[in-house]
Structure formats: structure tokens, C-alpha cells
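Chemist: Per full-length UniProt numbering, the sequence shown runs over residues 1 to 262.
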Amino acid sequence: MTPQTMTAIQDSMAETVEPRVVPHRADLSRLIREALAQDRVQLAFQPVVTAGVPPETVLHEGFIRILDEVGRILPAQSFMAAVEESPLGRDLDGAALRLGLQALRRHPRMRLAINMSARSVGNATWRQILEEGVAGLGHRLTLEIGEASAMLLPDRVTRFMAEMRPKGVSFALDDFGAGAVSFWRLKDFRFDCVKIDRSLVARIEASPDNQVVARALIAVAHQFGMSAIAEGVESEAEAARMRALGVDFLQGYLFGRPRARL
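1. What is the rounded straight-line gap between the Cα of serine 199 and the Cα of alanine 178?
2. Nearest to methionine 151 by alpha carbon, out of Val169, Leu137, Asp188?
3. The alpha helix (DSSP H) spanning valine 41 covers which residue range?
4. Could you check the C-alpha separation between leucine 99 and glutamate 132 for me, to the nearest Å?
5. With a threshold of 6 Å on Cβ separation, who are the neighbours of arginine 156 within its own chain once the five nearest residues in sequence on each side are excluded?
6. For glutamate 144, tell me which candidate among Phe63, Arg159, Val212, Glu236 has the shortest Cα-Cα distance.
7. Of the residues Val83, Leu31, Gln102, Gly232, which one's Cα is nearest the Cα of aspartate 68?
8. Taking its Cβ as the centre, do 16 or more other Cβ atoms sit within 10 Å of glycine 89, making it buried, or is it exposed?
9. Skipping 5 residues on each side, what residues in its chain have a beta carbon closer than 6 Å to that of alanine 14?
10. Consult DSSP for arginine 261 and reduce its assignment to one of helix, strand or coil.
11. Are the CB atoms of valine 49 and histidine 60 nearer to each other than 8 Å?
12. Near methionine 253, what residues of its chain come up, given a Cβ to Cβ distance below 7 Å and the 5 sequence neighbours on each side ignored?
13. Rounded to whole angstroms, what is the Cα-Cα separation between leucine 104 and aspartate 192?
14. So, at 6 Å on beta carbons, what are the nonlocal neighbours of phenylalanine 171 in its own chain, with the 5 sequence-adjacent residues on each side left out?
15. By how many angstroms is the C-alpha of leucine 101 removed from the C-alpha of leucine 137?
16. Would you kindly work out how many angstroms separate the C-alpha atoms of alanine 260 and leucine 43, rounded to a whole number?
17. What does a CB cutoff of less than 6 Å around alanine 96 pick up in its chain, not counting 5 residues either side in sequence?
18. Rounded to whole angstroms, how far is the Cβ of isoleucine 66 from the Cβ of alanine 35, which I believe are closer than 8 Å?
19. Using beta-carbon positions only, say whether valine 83 and serine 149 come within less than 8 Å of one another.
20. What's the gap between the Cα of serine 78 and the Cα of glutamine 46?
21. Which same chain residues end up closer than 6 Å to leucine 153 when comparing Cβ atoms and leaving out the 5 residues on each side of it in sequence?
22. Tell me the DSSP secondary structure of threonine 2 in three-state form.
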């Protein structure tokens, strides 16, 4: 997931606590390691809804967040870019996956999407968390991989998807339209759904160019048997335009901010 996607999360808990001032880059690794070691990490859940009217929640996405010593949220966009290519990024992926699987066990009717990096596929700890925890839950789990991440190790990602599909796991391509994945490679990946990048969705009702691009992306996804989710929907005008363009699902602040409690 890109830093832009990992926006600052506010919920009922956060309203009572000031967000932490972003530390210097040199302090980020130490702060994150301490948070992981002391279990100061949690997921915040945002609904994904059908494009119909009225919308119905069909899925939640779980966003990882870090808390400091007094419970202040460290804005995710302040650390994701710094750690996502490091071993610490794999630790965060593992924490998110572990928390996501726990949430699925607590909520038997829940469907949940969790973000991952292509690099995590080769990480033994992350794979162990998945292999040991996915039994009986795979049909309710979606793993999201960003465009740029998927293109780093496309063959490894494709093999991994083929291994996990018999266990029921679904896959989503995040940030679709950001420019990293060619249509030809998209055909090879065969994701279950794509998430139209928020940069295309923002104020789309006022941008004929973005409408043309979004319509093309949705058409390509449908041609390859994939559903399309518009992410970052913040206004009724954006939702209405994306519905008119043929999107299947919607996600964004208009339908609910990420919250620690479902």
C-alpha cells in the first residue's frame, strides 16, 4: 500500500488523544520496533460497500497503525515509505496479518482485506503466520498488493496467488491506475478485484480525463473477470460518477472512516 493510501486514521479512541508529532526518520525504526515488541499495534477497519443504492457493506479493509507510549497514533503515511522496503516492513505486514486473522476468528461473518508487500511472500515468518492461521478462514480473507509492489516480483506473486487460491484466499490489486502494471501483466496476475487509485477518484465529477481513464480501467477489469472498487470516495458526487462509470464497489470516508471497533 502506498503512503497516500495509508492516510491518518481517526476514530473514537483517537478523538481523545492527540496524534503523535512525526519523529525524525532516524527514530522511526526504533519506535516501530518498540511498538511491535510491546504489542502497541492495532487494526482500524474501513467498510467497502456495494455500488448500489442503498449501499451495503460486503467487506472491511484493515489498516495497521502504531501507537506510542501514551497511546498517540503515529500517522501511517509518516513511516510506511521509510520501512516498506526494509525487514521492518515485513514485521509490520506480519503484525497486520496476525491481527486480521484474529479479527476473522472473532467475527465469523466478517470478510476482511489485509495489505501485504510482494516481499512478504518470501518472508518465512509472514508465511508461517498465514499458513498456520488461514485454515477455515481463507474464503473470508483478501490480500491486497499494491501495483508497484506486485511489479517488483511478478513471477513470485503469481505463484503465491496460485498456491493460496485453493485455500479460498482472494487477491486485490491496490492503487490500480497508478501506472505500474500493464494491461498485459494484469491478465497474467488474474486478481479477483482491482482498486481504482484514489488519485483518479478525487473530484472525478469535474475531470473528464479522469473519467475516461477510470472507465477504461473498469472495462479492462471486467473483461478479465475482475470486480472494480473505487477507493478514496469522499463525496456523493464522486460516488455517483463512479457508479455511472460501472464500478462494482465503493470505499472511502463517505461510507465510514477506519475505526478500531466494528
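From the three backbone atoms N, C-alpha and C, an ideal C-beta is built for every residue, glycine too.
Modeler: In terms of the structure at hand:
1. Taking the CA atoms as reference points, serine 199 sits about 8 Å from alanine 178.
2. Comparing Cα-Cα distances from methionine 151 to each of Val169, Leu137, Asp188, the minimum goes to Asp188.
3. Per DSSP, valine 41 lies in no alpha helix (DSSP H); the unbroken beta strand (DSSP E) holding it starts and ends at 41-50.
4. 13 Å
5. Val121
6. Phe63
7. In this structure, Leu31 is the residue among Val83, Leu31, Gln102, Gly232 with its C-alpha nearest to the C-alpha of aspartate 68.
8. buried
9. Because alanine 14 sits at a pLDDT of 40, beneath the cut-off of 50, its placement in the model cannot be relied upon, and the following sentence gives the value as read from the coordinates. Ile73.
10. coil
11. no
12. The question names methionine, yet the displayed sequence has tyrosine at residue 253. The answer, listed in chain order, is Glu234.
13. 20 Å
14. Leu143, Met161, Phe191, Asp192
15. 8 Å
16. 6 Å
17. Ile64, Ile114
18. 5 Å
19. no
20. 20 Å
21. Hits under 6 Å: Ala118.
22. For threonine 2, the predicted model reports a pLDDT of 43, less than 50, meaning its position is unreliable; a value from the coordinates is still stated below. Reduced to three states, the DSSP call for threonine 2 is coil.
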